[in-house]
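Asker: Supplied in structure tokens, the structure appears directly below.
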Amino acid sequence: MTPTITKIESTEFEYPLEDVGTDHHGFNLVYEPGETTYRKLFALRIHTDEGITGEYVGGNSPGAAQINMFADYLIGKDPLKREQHWSEIKRALRKYDRMGMGPIDIALWDFAGKYYDAPIHELLGTYRERIPAYASTYHGDENGGLDSPEAFADFAEECLEKGFGGFKIHGWGGGDTSRDLDREIAAVHAVGERVGDEMDLMHDPACELETWADALKLGEACDEQDFFWYEDPYRDGGISQHGHERLGEHLETPILQTEHVRGLEPHTDFIANGATDFVRADPEYDAGITGAMKIASVAEGFGLDVEFHAPGPAQRHCIAATRNANYYEMALVHPECQNTMPPVYEGGYSDLIEAVDDDGTVPVPDGPGLGVEYDWGYVEDNATGSVHTYE
Numbered sequence: 001m002t003p004t005i006t007k008i009e010s011t012e013f014e015y016p017l018e019d020v021g022t023d024h025h026g027f028n029l030v031y032e033p034g035e036t037t038y039r040k041l042f043a044l045r046i047h048t049d050e051g052i053t054g055e056y057v058g059g060n061s062p063g064a065a066q067i068n069m070f071a072d073y074l075i076g077k078d079p080l081k082r083e084q085h086w087s088e089i090k091r092a093l094r095k096y097d098r099m100g101m102g103p104i105d106i107a108l109w110d111f112a113g114k115y116y117d118a119p120i121h122e123l124l125g126t127y128r129e130r131i132p133a134y135a136s137t138y139h140g141d142e143n144g145g146l147d148s149p150e151a152f153a154d155f156a157e158e159c160l161e162k163g164f165g166g167f168k169i170h171g172w173g174g175g176d177t178s179r180d181l182d183r184e185i186a187a188v189h190a191v192g193e194r195v196g197d198e199m200d201l202m203h204d205p206a207c208e209l210e211t212w213a214d215a216l217k218l219g220e221a222c223d224e225q226d227f228f229w230y231e232d233p234y235r236d237g238g239i240s241q242h243g244h245e246r247l248g249e250h251l252e253t254p255i256l257q258t259e260h261v262r263g264l265e266p267h268t269d270f271i272a273n274g275a276t277d278f279v280r281a282d283p284e285y286d287a288g289i290t291g292a293m294k295i296a297s298v299a300e301g302f303g304l305d306v307e308f309h310a311p312g313p314a315q316r317h318c319i320a321a322t323r324n325a326n327y328y329e330m331a332l333v334h335p336e337c338q339n340t341m342p343p344v345y346e347g348g349y350s351d352l353i354e355a356v357d358d359d360g361t362v363p364v365p366d367g368p369g370l371g372v373e374y375d376w377g378y379v380e381d382n383a384t385g386s387v388h389t390y391e
């Protein structure tokens with residue numbers, strides 16, 4: 001008898017981030033003493049007649065709305081037929097960005113690992129069991145945290161001492177007074193001069209720069225400091241193949257794109273048209289572990305490396321099974337406030353800055369499925385009232 005999906009539950013919950021606010025426009029998280037920001041996530045459970053539940057905590061509101069569109073399709077289906085479900089749901093969401101596929105696919109992989117009593121990376125094919133990490137910062141602020149080029153350099157030095165092999169700057173944004181290209185360039189030089197001989201350095205303006213010309217000027221500073229990569233710099237939103245191909249022609253620093261394009265085929269087109277050097281993938285954004293590993297294979301076929309976006313157990317399993325990946329993104333980190341990790345993990349799993357060992361690596365969970373235990377009591381105690389059940 002094959003297993004059957006009997007019920008799917010999605011619960012929205014929130015958790016606090018102390019001393020964290022947002023910048024002027026309210027889009028970027030920044031250090032703000034005394035402020036508390038509440039972040040919302042979704043806890044997903046796929047129940048089966050085997051008594052085994054596939055679980056995942058993450059996602060966002062647009063993705064959850066899309067799950068409403070296809071969850072009924074999965075009821076009564078075999079949870080092990082992930083590729084078939086991936087293909088059908090991809091077609092069903094053809095008019096949308098398919099963000100809802102990721103959490104469901106990850107939960108189905110969690111079920112499979114528990115069903116076969118193996119961690120997901122073993123099902124994928126293990127390449128390694130420890131992963132080098134880089135420190136990926138909060139955005140620059142005006143509140144006494146990462147509020148100057150020197151503050152970024154000080155924090156980079158602190159991260160070096162903790163064992164990190166790489167450091168990524170998220171610069172300032174959120175208002176005309178904050179977007180100071182000279183300050184961005186100064187931060188590149190301050191960090192490069194302080195730790196550039198000892199760490200791989202990255203810069204991600206998160207599409208804050210106003211023009212292609214601004215992106216070129218900041219990229220030239222990255223060239224001067226021998227940065228490892230330059231990511232999503234300007235207001236195309238990270239999706240212009242032509243713009244980034246031209247930007248790359250003028251810079252020595254490798255370009256990293258595709259965090260903001262969705263799906264296998266757009267990633268492939270970006271690579272084939274020479275619009276990126278490193279390739280971004282994310283199991284939550286890119287249609288699950290199934291989708292992210294397809295992107296990793298395409299990148300490998302083109303002779304390129306894939307860098308997985310954001311921290312999390314799904315990312316660790318993907319990187320563990322991927323030869324052509326360099327780093328795990330420990331994000332977001334700051335010298336004065338907490339990582340954005342939700343407090344839902346039991347059993348020792350952590351994405352806090354202290355989780356990196358002296359050698360700059362993090363472990364891959366070795367339990368069945370995702371290999372993490374969720375605190376469902378915390379989820380239920382902090383539920384917002386948005387609970388959807390499909391059966």
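Here the sequence shown is numbered in this note's numbering, starting from 1 and rising by one per residue. Every residue, glycine too, gets a C-beta built ideally from N, C-alpha and C.
(1) Give me the Cα-Cα distance between E307 and C318, rounded to the nearest whole angstrom.
(2) Considering Cα atoms alone, identify which of R246, E231, G288 is closest to H260.
(3) Considering only the beta carbon of each residue, do G288 and I8 sit closer than 9 Å?
(4) What's the call for K294, buried or exposed, on a 16-neighbour Cβ count within 10 Å?
(5) Buried or exposed: S10, going by 16 or more other Cβ atoms within 10 Å of its Cβ?
(6) Helix or strand or just coil, what does DSSP make of Q257?
(7) Rank I75, G274, G237, E373 by C-alpha distance to the C-alpha of E245 and give the top, closest one.
(8) Please name the residue in M330, V364, E346 whose C-alpha comes closest to that of A321.
(9) Excluding the 5 residues flanking D141 on each side, which residues of the same chain have their C-beta closer than 6 Å to its C-beta?
(10) Can you tell me whether M341 is helix, strand or coil according to DSSP?
(11) Is DSSP giving L74 helix, strand or coil here?
(12) Extract the residue ranges of the alpha helix (DSSP H) inside the stretch 172-212, only unbroken runs of 4 or more that lie entirely within it.
(13) Consult DSSP for K168 and reduce its assignment to one of helix, strand or coil.
(14) Buried or exposed, going by whether 16 or more other CB atoms sit within 10 Å of the CB of E184?
(15) From K90 to Y390, what distance separates their C-alpha atoms?
(16) Using the three-state DSSP reduction, which class does V57 fall into: helix, strand or coil?
(17) Would you call the stretch 129-143 in contact with the stretch 156-167, where contact means no fewer than 3 C-beta pairs closer than 8 Å?
(18) In chain order, which continuous runs of the beta strand (DSSP E) of length 3 or greater are located wholly inside the stretch 314-375?
(19) Tell me, please, whether the stretch 49-61 touches the stretch 367-383 by the rule of three or more beta-carbon pairs shorter than 8 Å.
(20) Strictly by DSSP, which residues pair up with W229?
Answerer: If we stick to the structure as given:
(1) Looking up residue 307 in the sequence shown gives position 307. Looking up residue 318 in the sequence shown gives position 318. C-alpha separation (whole angstroms): 10 Å.
(2) Numbered from its first residue, the sequence shown carries residue 260 at position 260. For H260, the nearest C-alpha among the options comes from E231.
(3) As a working mapping, residue 288 is identified with position 288 in the sequence shown. As a working mapping, residue 8 is identified with position 8 in the sequence shown. Going by C-beta atoms, G288 is not nearer than 9 Å to I8.
(4) In the sequence shown, the residue the question calls residue 294 occupies position 294. By the neighbour-count criterion, in which a residue is buried when 16 or more other Cβ atoms sit within 10 angstroms of its Cβ, K294 is buried.
(5) Residue numbering aside, residue 10 sits at position 10 when the sequence shown is read from its first letter. Buried is the call here.
(6) Stepping through the sequence shown from its first residue, residue 257 is reached at position 257. The answer is strand: DSSP assigns Q257 an E or B state.
(7) Locating residue 245 in the sequence shown gives position 245, counting from the first residue. Closest option to E245, Cα to Cα, is G274.
(8) In the sequence shown, residue 321 corresponds to position 321, counting from 1. If we check each option's Cα against that of A321, V364 comes out closest.
(9) Translated into positions along the sequence shown, residue 141 becomes position 141. Here D141 has V30, Y31, D147 as same chain residues with Cβ atoms under 6 Å from its own Cβ, once five neighbours each way along the sequence are excluded.
(10) Position 341 of the sequence shown, counted from the start, is the residue given in the question as residue 341. M341: coil per DSSP, three-state reduction.
(11) One-based indexing of the sequence shown puts residue 74 at position 74. Here L74 carries a helix assignment [DSSP, helix/strand/coil].
(12) Listed in chain order, the complete alpha helix (DSSP H) runs (minimum 4 residues) inside the stretch 172-212 are 181-195.
(13) Counting from one through the sequence shown, the residue named residue 168 turns up at place 168. Three-state result, K168: strand.
(14) Counting from one through the sequence shown, the residue named residue 184 turns up at place 184. Only buried fits E184, as 16 or more other CB atoms lie within 10 angstroms of its CB.
(15) Taking the first residue of the sequence shown as 1, we reach residue 90 at position 90. Taking the first residue of the sequence shown as 1, we reach residue 390 at position 390. Here the alpha carbons of Y390 and K90 stand approximately 19 Å from one another.
(16) Within the sequence shown, residue 57 is the residue found at index 57, counting from 1. Three-state result, V57: strand.
(17) Contact holds: three or more Cβ-Cβ distances are below 8 Å.
(18) Counting only runs of 3 or more residues that sit fully inside the stretch 314-375, the beta strand (DSSP E) segments are 328-333, 361-363, in chain order.
(19) These segments touch.
(20) Mapped onto the sequence shown, residue 229 falls at position 229. According to DSSP, W229 bridges with M202.
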